[in-house]
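Each residue of the sequence shown is one higher than the one before, counting from 14 in this note's numbering.
Glycine included, each C-beta is placed from N, C-alpha and C at the ideal position.
Each remark here refers to the structure printed beneath this line.
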Amino acid sequence: MLRSPMSADPTILARLRRHHLFPQRDDLDRLWELALPVVVVQLGMMLLGVVPIVMVGHVSAAHLAAAALGNLYFVWLGLLAWGALMALDPLVAQAHGAGDREAVARAVQRGLVLALGLSLATAPFFLPARPVLDLLRQPADVVPLAADYVMVAVPGILPFFVFLVLRQSLQAMGRMRAIVLTILAVNLLNVVLGWTLVFGHLGCPSLGAVGAGLTVTVSRFALALGLLTLAWRDLQPLLRPRRPGILDRRSLAGTLRLGLPIGLQMQLEYGVFGVVGLLMGWLGTVPMAAHEIALTIASVTFMVPQGIGGAAAVLVGQAVGGGNASRARRSAAAALGLGAGFMLLTAIVLVSLPGPLARLFTRDAAVVAVTVALLPIAGVFQVFDGIQVVSIGVLRGVGDTRSPMVLNIVGFWLLGMPISALLGFRLGGGAVGLWWGLLVGLVVVAVSLLLRVRWRMRRALVRLQIEGPPTAG
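What follows is the structure in structure tokens.
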């Protein structure tokens, strides 16, 4: 009878049990119970952006490239603030695990204060979109549409940040029902809006890429209002009354010190793919459109391990807050195994079916041909992508937010980006060469993060403390 390598070597099992790393049945049950709705939410969030882009792809290659470029510009600039608000993951999860209801309420209210401040600080950076894109030598037929996309997306910044605060806080407490219902309802709205504004139905003109931007903006308002309404029973005790200390500068600064590295890490990682997208623009509209399609497909599958990583951040954080280090370690091990296993399956799909997947997005034969060449490369890095994002979630759960940022700088920017440029331009590899460089950077980041998780889980796991004077604010 065949046995797995682990079952064949009892010393491995003994070592895992000795270090409290071998997941038990209840660890897997808790992970699955939380990860499934988190994955649904992650996929729903992705679809809110993907669906309008899919629709635009059936207008023209120029409109597809413009929506992709405008979305890239908008998301990249907003990621620093977005990540800063994800400091709520460990803060709320650890406070909830410790049974500290007041600390949970203070964290949520502080998050809303930061959402307002970060929205005001971020908005001006979106205004010079057109000159910036011209400076970056993007295709002349794409830049005006992309700039218009950015402009119509600006009003959605504040409601989206408010939604993030509410979502991360509820998720950190394991309250997922209202988030899932909100995401499902807004996705239906998103489809109707996209069909109406992108193609021009129900008396509206066909707006193409600009219609996709308007669709995203309206959907972001709906996210905030919908979640606030559906989760009001859980949110009301956290939002009323105003807690003392929420405006304390030391506590706000502590939250930002925890969250800004998350934002920088997200910005660095997204930025690598964004820079490659800009380099694709130097190669022409077709490679740029193909890059966006391949990246969108890979990003959809990426939402599953990202959701597992989000669940890992919650479960590890709650265990740390509750003083249960062994449960934190077992939750980390379970999440890593599940995330890597799923991405292995998706890698097989991407390598096996590049043509049918590409044709879901466009009928342009030239764009399909380049996309088919890129998707097998995306399949290769799927497993490493799963490892790195789950590892980041585990580290976030214990409050280690700086290591992923540093490792992203080394792996993606100091190694992967130069290799991409070398293969893509100096050695004539074009779009395929640019993507092979991304793969090298991802492998380095994933392995380094996995080693960091291993080291961190062997150390003492203690609850984060960022509070300033209790009477401040």
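Comparing alpha-carbon positions, which option in the options lies nearest residue i?
i, options, result
"PRO274", "LEU408, ALA116 and GLN107", "LEU408"
"PRO300", "MET356, ALA386 and ALA235", "ALA386"
"ARG190", "ILE321, LEU47, GLY96 and VAL383", "LEU47"
"GLN278", "LEU474, VAL475 and GLY91", "GLY91"
"ARG253", "ALA118, LEU179 and VAL289", "ALA118"
"SER416", "LEU436, VAL460 and ARG465", "ARG465"
"LEU308", "LEU104, PRO367, ASP40 and ILE321", "PRO367"
"GLN395", "ALA111, GLY320, LEU363 and LEU61", "LEU363"
"ASP247", "GLY297, VAL54 and SER182", "SER182"
"PHE425", "LEU451, LEU56, GLY406 and GLY442", "LEU451"
"LEU433", "ARG471, VAL288, SER312 and GLY297", "One detail in the question is off: residue 433 reads as Ser in this sequence, not Leu. When only C-alpha atoms are compared, the closest one is VAL288."
"GLY272", "LEU49, GLN249, GLU282 and LEU104", "LEU104"
"PHE212", "GLY70, ASN337 and ALA166", "GLY70"
"HIS109", "LEU44, VAL175, GLY441 and GLY330", "GLY330"
"ALA302", "VAL285, ALA379 and ASP39", "ALA379"
"LEU197", "SER232, PRO168 and PHE174", "SER232"
"MET356", "ALA222, GLY406, LEU56 and ALA311", "ALA311"
"LEU77", "LEU220, PRO36 and VAL52", "LEU220"
"LEU44", "THR195, GLY406 and LEU427", "GLY406"
Give the secondary structure of residue i by DSSP, where H, G and I count as helix, E and B as strand, and everything else as coil.
i, result
"VAL175", "helix"
"ASP261", "coil"
"LEU49", "helix"
"GLN478", "coil"
"PHE374", "coil"
"VAL71", "First, the residue type needs correcting, since residue 71 is His and not Val in the sequence shown. Looking at HIS71 - three-state DSSP - the assignment turns out to be coil, as it is neither helix nor strand."
"ASP22", "Reliability fails at ASP22, whose pLDDT of 49 lies under 50, so the model's placement of it is uncertain and the value that follows must be treated cautiously. In this structure, ASP22 counts as coil in the three-state DSSP scheme."
"SER17", "Annotation note: pLDDT 39 at SER17 (below 50); position unreliable, coordinate value reported separately. Note: SER17 maps to coil in three-state DSSP."
"GLY330", "helix"
"LEU102", "In the sequence under discussion, the amino acid at residue 102 is Asp, which differs from the Leu named in the question. Three-state DSSP puts ASP102 in a helix."
"THR228", "helix"
"ALA360", "helix"
"ARG180", "helix"
"ARG469", "helix"
"HIS76", "helix"
"ASP154", "coil"
"VAL381", "helix"
"MET58", "helix"
"ASP413", "coil"
"LEU452", "helix"
"ASP113", "coil"
"HIS214", "coil"
"PRO318", "helix"
"ASN203", "helix"
"MET301", "helix"
"ALA244", "coil"
"LEU220", "coil"
"PRO483", "Summary for PRO483: the model assigns pLDDT 45, below 50, so the residue's position carries little reliability, and this model does not support an answer."
"LEU29", "Bear in mind that a pLDDT of 47 at LEU29, under 50, signals an unreliable position, so the model cannot answer this."
"ARG340", "helix"
"GLY323", "helix"
For residue i versus residue j, is the C-beta spacing smaller than 8 Å?
i, j, result
"ASN203", "VAL64", "yes"
"GLY429", "GLY410", "no"
"VAL327", "ALA185", "yes"
"ALA134", "LEU146", "no"
"ALA360", "VAL393", "yes"
"LEU546", "ALA106", "Lying before the first or after the last residue shown, residue 546 is absent from the chain, which here runs from 14 to 486."
"ALA79", "VAL155", "yes"
"ILE479", "THR268", "yes"
"ILE422", "LEU463", "no"
"SER132", "LEU171", "yes"
"VAL54", "ILE192", "yes"
"THR242", "LEU206", "no"
"GLY352", "ILE321", "yes"
"VAL313", "MET59", "yes"
"VAL165", "GLY216", "no"
"GLY169", "PHE234", "yes"
"VAL199", "LEU61", "yes"
"THR298", "PRO152", "yes"
"ALA391", "LEU474", "no"
Just confirm the distance between the C-beta atoms of residue i and residue j, as a whole number of angstroms; I'd bet it's less than 8 Å.
i, j, result
"VAL403", "ALA332", "Actually they do not touch by this definition, with Cβ atoms about 16 Å apart."
"GLY187", "LEU210", "Incorrect: roughly 36 Å between the Cβ atoms, too far for contact."
"SER461", "LEU435", "SER461 to LEU435, Cβ: 21 Å. No contact."
"ARG469", "ASP413", "6 Å"
"ALA81", "GLU282", "ALA81 to GLU282, Cβ: 17 Å. No contact."
"ARG476", "ALA111", "6 Å"
With hydrogens ignored, establish whether the beta-carbon of residue i is closer than 7 Å to any heavy atom of the ligand COA.
i, result
"GLY284", "This structure does not include the ligand COA; it has no bound ligands of any sort."
Does the stretch 127-144 come close enough to the stretch 444-452 that 3 or more CB-CB pairs lie under 8 Å? Taking a cut-off of 8 Å for Cβ pairs, the stretch 444-452 and the stretch 127-144 do not touch, as fewer than three such pairs fall below it.
Is there contact here, the stretch 335-355 with the stretch 254-265, by at least three beta-carbon pairs under 8 Å? Three or more beta-carbon pairs separated by less than 8 Å are not found between the stretch 335-355 and the stretch 254-265, which leaves the two stretches without contact.
Decide yes or no for the touch test of the stretch 78-88 against the stretch 109-125: beta carbon pairs closer than 8 Å, at least 3 of them. No, because fewer than three Cβ pairs between the stretch 78-88 and the stretch 109-125 fall closer than 8 Å, the two stretches do not touch.
Between the stretch 92-104 and the stretch 236-244, do three or more beta carbon pairs fall short of 8 Å? The answer is no - the stretch 236-244 does not touch the stretch 92-104, with fewer than three Cβ pairs under 8 Å.
Given 8 Å as the limit, is there contact between the stretch 287-296 and the stretch 361-373, that is, 3 or more CB pairs closer than that? The stretch 287-296 and the stretch 361-373 do not touch, with fewer than 3 CB-CB distances between them shorter than 8 Å.
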